[in-house]
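Per our numbering, the sequence shown starts with residue 35, numbered consecutively.
We treat Cβ as the ideally placed atom computed from N, Cα and C, and that holds for glycine.
Worksheet: one structure, shown below.
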Amino acid sequence: MPSSIDSQWFKTCESHWGSVRAFNIFAVAEHAQHIQGAFSLHLLKRVIEDLPEQPLVRGLSHKTETELGVVWFELVGHTDKQDRMWLDLRIVTKASLVCQRCLAPFIFELDEKVTFHLVRRPSQVESDADDIDPDAPERLLGLGRFDLMSLIEDQVILGLPYVPKHDVCPGLKFEQTEPLAIEVDIPVKVSPFNVLKNLKKKP
Ligand SMILES: [Zn+2]
């Protein structure tokens with residue numbers, strides 16, 4: 035099971051600072067390995083090229099006050115009773131985006147959790163089971179030398195909003211006068227960054 039996010043989670047990630055080399059992903063699942071790390075968002079070139087300028091974090095001593103420009107991640111492997119291989123990936127990062135409604139910058143907090151069914155052959159990636167169960171976990175084709183950075187990059191791209199917008203634009207808050215037709219209780223999500231803020235307050 036992946037660990038829950040607390041200040042120790044961030045510390046453990048940061049103790050493995052830097053880009054991740056390709057490695058044997060099957061061993062991670064088969065031996066139930068647990069990998070944590072952190073690196074500069076600027077290492078994800080495909081993410082950076084579509085974003086407004088992000089702070090460049092070269093090392094932990096250069097971390098910005100707001101923690102922008104850092105990616106933290108955790109990968110946990112396991113197998114099940116049918117000897118299928120599984121990977122749980124969690125990615126936490128913050129990016130500075132520009133609201134497409136009011137054009138003001140804002141900070142987007144990304145906290146992605148995704149489970150992959152790891153397979154060895156390309157033919158296993160697509161299967162009839164996908165047609166029956168749309169909620170089937172995504173299959174991931176493993177390689178002897180697997181590029182985790184590229185997988186993290188894909189997940190960050192998927193997790194960032196396609197059209198970034200404030201929930202409520204600060205300059206436009208009096209414009210929306212129509213009451214909502216339905217009131218829905220939305221569970222309050224605890225942001226992993228609140229953990230980070232508390233961590234930073236400690237001497
Ligand atoms: Zn806005």
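Item                                                                               : Value
Proximity test, Cys133 beta-carbon vs ligand 1 heavy atom, cut-off 6 Å             : yes
Through-space distance from Lys199 to Leu175, alpha-carbon basis                   : 34 Å
Span separating the alpha-carbon of Asp114 from that of Glu160                     : 20 Å
Proximity test, Cys47 beta-carbon vs ligand 1 heavy atom, cut-off 6 Å              : no
Whole-Å CB distance - Leu121 paired with Leu152, under 8 Å assumed                 : 5 Å
Closest by C-alpha distance to Asp201, when choosing among Ala61, Glu48 and Val132 : Val132
Continuous beta strand (DSSP E) stretch holding Lys128: start and end              : Met119 to Val132
Beta-carbon gap between Ile69 and Leu94 smaller than 7 Å                           : no
Three-way DSSP call (helix, strand, coil) for Arg173 in this model                 : strand
Alpha carbon of Asp181 to alpha carbon of Arg55, nearest angstrom                  : 7 Å
Beta carbon of Ile125 nearer than 7 Å to that of Ile186                            : yes
Ile59 in three-state terms, based on DSSP                                          : helix
Check: His200 C-beta below 6 Å from any heavy atom of ligand 1                     : yes
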